[in-house]
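A.B. asks: This is the structure I want to talk about, given as structure tokens.
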Amino acid sequence: MDALILLGSFIALILIGMPVAYALGAAALIGAWWIDIPFQAVMIQVASGVNKFSLLAIPFFVLAGAIMAEGGMSRRLVACAGVLVGFVRGGLSLVNIVASTFFGAISGSSVADTASVGSVLIPEMERKGYPRDFSTAVTVSGSVQALLTPPSHNSVLYSLAAGGTVSIASLFMAGIVPGLLMSACLMVLCLIFARKRNYPKGEVIPMRQALKIVGEALWGLMAMVIILGGILSGIFTATESAAIAVLWSFFVTMFIYRDYKWSELPKLMHRTVRTISIVMILIGFAASFGYIMTLMQIPAKITTMFLTLSDNRYVILMCINVMLLLLGTVMDMAPLILILTPILMPVILGIGVDPVQFGMIMLVNLGIGLITPPVGAVLFVGSAVGKVSIESTVKALLPFYAVLFLVLLLVTYVPAISLWLPHLVL
20 MDALILLGSF IALILIGMPV AYALGAAALI GAWWIDIPFQ AVMIQVASGV
70 NKFSLLAIPF FVLAGAIMAE GGMSRRLVAC AGVLVGFVRG GLSLVNIVAS
120 TFFGAISGSS VADTASVGSV LIPEMERKGY PRDFSTAVTV SGSVQALLTP
170 PSHNSVLYSL AAGGTVSIAS LFMAGIVPGL LMSACLMVLC LIFARKRNYP
220 KGEVIPMRQA LKIVGEALWG LMAMVIILGG ILSGIFTATE SAAIAVLWSF
270 FVTMFIYRDY KWSELPKLMH RTVRTISIVM ILIGFAASFG YIMTLMQIPA
320 KITTMFLTLS DNRYVILMCI NVMLLLLGTV MDMAPLILIL TPILMPVILG
370 IGVDPVQFGM IMLVNLGIGL ITPPVGAVLF VGSAVGKVSI ESTVKALLPF
420 YAVLFLVLLL VTYVPAISLW LPHLVL
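Everything in the sequence shown is counted per this note's numbering, starting at 20 for the first residue and increasing by one.
Structure follows, in structure tokens:
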């Protein structure tokens, strides 16, 4: 009955249109009233939920990504990707994915990735003879890997939701191979389509021009090197690396590229603060919601339920995947990470799955949800940027869904894909 009151009130509040963050807080208060816990205890959990030093990584990484996204970085990354793969048949579709890989390693955001890369490449792909719905599908699916590769904001959220037992550095390292694997698989699919549909080849860029293009893009890509190099060398923590990334992105944008006006900076800061305030409210209320769940022993009950379904870890992982995929289609990623991680952590520990690997499983699942109707935020952004209907985009995405599901199965059932690099370097 306790679970019904807490979860039922949360679902009911969402159904009547209340924002997810406030629904979490209100449901926590209802749950506290039901089990006779003082409301002050809930408020203390809200405050302590956001009073964590590691959380500073989120606003810094968001700000660094915003500066790079609006400072001309996306155009230079697209040009750099064109040098590397643009000359083959179907090269622009490969350029799209490679550019998303580069940009995702700077922004850590699928929405920013889709908006920045898509606004440059979708019109260009159409001009070269690619169908607009296919171009949009490539852009949307390619942006999912930004959730895995560092500096992924969602990895920071997962570490927080796991109670700090999983280091951000381990999650950053764990996301590199799955992210590259996803990009490689999508590129193979694009090559198959290019050969089947006879998409055009790109032009080979002269060496002198190519070196100039790559040199300009390297200034931005150095942000990734600074972040990972600093963490791995022990010079600074993951949180401190976020602050360094802001300084570097500001320096490159304002003094190297000089495409961004100083007068636009206050507006950029305002947009970033608005985004971060929403995230912090969500984190605080999610902490209170998790506190009430723990008092009601909901995680323990769900663990028992999963273990009664089967004692086979592969079957349980499949059930978890199905649940995450379904929930990801109807709810945004951040609240699901904050809500489900404390619930599922005892389950995956009980069946012997490494929490770092499970972080990658969760991110891939919920990343697919972001490009799946009815509530796919990245899908909506991609359709708006590409000026294509949701229906046409989803139809074009069907083969890309198959590739993403294949990557999900590999990440789920081959632990080395996620764990090899963290074990090697940390």
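Using N, Cα and C, we set each Cβ at its ideal position, and we do this for glycine too.
Going along the chain, which residues of its own chain have a beta-carbon closer than 6 Å to the beta-carbon of A264, five neighbours each way excluded?
C.D. replies: A83, A242 and I246
A.B. asks: When we look at the beta-carbon of S67 and count the other beta-carbons within 10 Å, is it buried (16 or more) or exposed?
C.D. replies: exposed
A.B. asks: Kindly list the residues whose CB is nearer than 8 Å to the CB of G249, restricted to its own chain and excluding five residues on each side of it in sequence; keep chain order.
C.D. replies: F255, E259, S260 and I263
A.B. asks: If you follow the alpha helix (DSSP H) that K414 is in, where does it begin and where does it stop?
C.D. replies: I409 to Y432
A.B. asks: Would DSSP call R277 helix, strand or coil?
C.D. replies: Note: R277 maps to coil in three-state DSSP.
A.B. asks: Within 10 Å of its beta-carbon, does H172 have 16 or more other beta-carbons around it, so buried, or fewer, so exposed?
C.D. replies: buried
A.B. asks: Measure the C-alpha to C-alpha separation of W439 and G123 and round it to an integer number of angstroms.
C.D. replies: 21 Å
A.B. asks: Under 8 Å by Cβ, that's how I've got I335 and F325 pegged, so tell me the actual separation to the nearest angstrom.
C.D. replies: 5 Å
A.B. asks: Between L166 and S129, is the Cβ-Cβ spacing less than 8 Å?
C.D. replies: Yes, the Cβ-Cβ distance between L166 and S129 is below 8 Å.
A.B. asks: With a cut-off of 8 Å, do at least 3 Cβ pairs link the region 391-409 to the region 125-145?
C.D. replies: yes
A.B. asks: In its own chain, which residues sit with a C-beta less than 8 Å from the C-beta of P392, not counting the 5 before and 5 after it?
C.D. replies: T348, L398, I409 and V413
A.B. asks: Tell me whether K220 sits in a helix, a strand or coil according to DSSP, three-state version.
C.D. replies: strand
A.B. asks: Kindly identify the DSSP beta-bridge partner or partners of R108.
C.D. replies: K220
A.B. asks: Taking Cβ to Cβ, would you say L205 is nearer than 8 Å to I116?
C.D. replies: One thing to note: L205 has its Cβ within 8 Å of the Cβ of I116.
A.B. asks: Taking V426 as the reference, which of S252, L113, V207 and M352 has the closest Cα?
C.D. replies: Residue V207 holds the alpha-carbon nearest to the alpha-carbon of V426 among S252, L113, V207 and M352.
A.B. asks: Looking at T57: is its Cβ nearer than 8 Å to the Cβ of A180?
C.D. replies: Note on identity: in this sequence residue 57 is Pro, with Thr being the wrong assignment. No, Cβ-Cβ distance for P57 and A180 is not below 8 Å.
A.B. asks: As a quick exercise: from M342, I321 and A76, pick the residue whose alpha carbon is nearest that of S174.
C.D. replies: A76
A.B. asks: Tell me whether the beta-carbon of V104 lies closer than 8 Å to the beta-carbon of L113.
C.D. replies: The answer is yes: Cβ separation under 8 Å.
A.B. asks: Which ranges would you report for the alpha helix (DSSP H) in the region 303-378 if only whole runs of at least 4 residues count?
C.D. replies: Fully enclosed alpha helix (DSSP H) runs of 4 or longer: 317-328, 332-347 and 352-369.
A.B. asks: May I ask you to report which of helix, strand or coil DSSP gives P142?
C.D. replies: helix
A.B. asks: Quick one: residues in its chain with C-beta nearer than 8 Å to the C-beta of V233, no 5 flanking neighbours on either side, listed in chain order?
C.D. replies: The answer, listed in chain order, is C99 and V102.
A.B. asks: Since I believe A193 is in contact with M379 (beta carbons under 8 Å), could you give me their beta-carbon distance rounded to a whole number of angstroms?
C.D. replies: About 6 Å separates the two Cβ atoms, so the contact holds.
A.B. asks: Assuming A353 and L210 form a contact by the criterion Cβ under 8 Å, report the distance between their Cβ atoms to the nearest whole angstrom.
C.D. replies: That pair is no contact at about 34 Å.
A.B. asks: If you compare alpha carbons, which of A305, L34 and G50 is closest to I24?
C.D. replies: Of A305, L34 and G50, the residue nearest in Cα terms is G50.
A.B. asks: Is the distance from the Cβ of M144 to the Cβ of L96 below 8 Å?
C.D. replies: When the beta-carbon positions are compared, M144 and L96 stay at least 8 Å from each other.
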